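The numbering of the sequence shown is my numbering, which starts it at 82 and goes up by one.
Virtual Cβ for every residue (Gly too), placed ideally from N, Cα, C.
Small disclaimer: the values here were computed from a predicted structure and weren't measured.
Working notes for the structure below.
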Amino acid sequence: MVGKDEEEVLAEMEKAYKYPLTKDQWEAALKEGRLLGIKCKECGAVTAPPFSVCQRCQTPFKDFEVVELSGKGEIMSYTVIYVPPEGLEPPYIVAFVKTNEGPWIPARLDVDVEKAQKDFLVGKKVTFKEAAVLPGDKHTSGDRVCPVFTLAE
Ligand SMILES: [Zn+2]
């Protein structure tokens with residue numbers, strides 16, 4: 082057999098990383114209306130959604146601090162989806178939102194589709210509104226939770 086078995090790999094990962102915030106914890110917080118991130122002890126950058134390493138300096142996360150983001154940010158890019166994956170209802174808008182704390186978060190936009198096509202929304206200020214629970218399909222391990230942003234007044 083080539084390589085390591087799953088148990089060996091998991092044991093090594095357990096030693097190398099200590100996840101301060103798991104995907105399930107991040108999604109549960111979203112459902113409560115809280116946008117969380119992980120603050121890097123090495124460089125101070127905030128990572129969200131959670132990864133195993135800092136998204137700026139690639140330091141593996143150990144006992145790093147979980148912080149609550151302001152929920153404010155701006156649209157960096159977006160597109161209207163007309164041909165969705167199984168189980169999703171088109172049209173809807175997906176976007177990258179750069180939060181005020183730094184991380185770019187993949188999200189949904191709660192904006193009228195016609196407005197999104199007519200107006201150029203890149204650079205517009207947005208606020209975290211709620212979590213969207215998206216049904217899983219044969220390619221996922223269950224439902225997915227996604228932050229929804231709306232245009233700031
Ligand atoms: Zn870092």
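Within 10 angstroms of the Cβ of residue i, are there 16 or more other Cβ atoms? Answer buried if so, exposed if not.
i: P171; result: exposed
i: E87; result: exposed
i: A212; result: buried
i: V83; result: exposed
i: E108; result: buried
State yes or no: is the C-beta of residue i within less than 8 Å of the C-beta of residue j?
i: K120; j: V148; result: yes
i: F230; j: T208; result: yes
i: A188; j: V161; result: no
i: V134; j: F142; result: yes
i: I156; j: L91; result: no
i: L150; j: A126; result: no
i: N181; j: G154; result: yes
i: I174; j: P228; result: no
i: L111; j: P131; result: no
From the DSSP secondary-structure annotation, give me the bridge partner or partners of residue i.
i: V192; result: V192 pairs with nothing; no bridge assigned.
i: R225; result: L215
i: G154; result: T180, V207
i: T160; result: V175
i: T231; result: T208
Assuming residue i contacts residue j (C-beta within less than 8 Å), just tell me the rounded distance between them.
i: P216; j: G183; result: The Cβ separation is near 31 Å, so there is no contact.
i: Y163; j: L190; result: That pair is no contact at about 15 Å.
Unbroken stretches of the alpha helix (DSSP H), 4 residues or longer, contained in the region 170 to 214: 194 to 199
Every unbroken beta strand (DSSP E) within the region 119 to 153, with a cutoff of 3 residues, ordered by chain: 146 to 149
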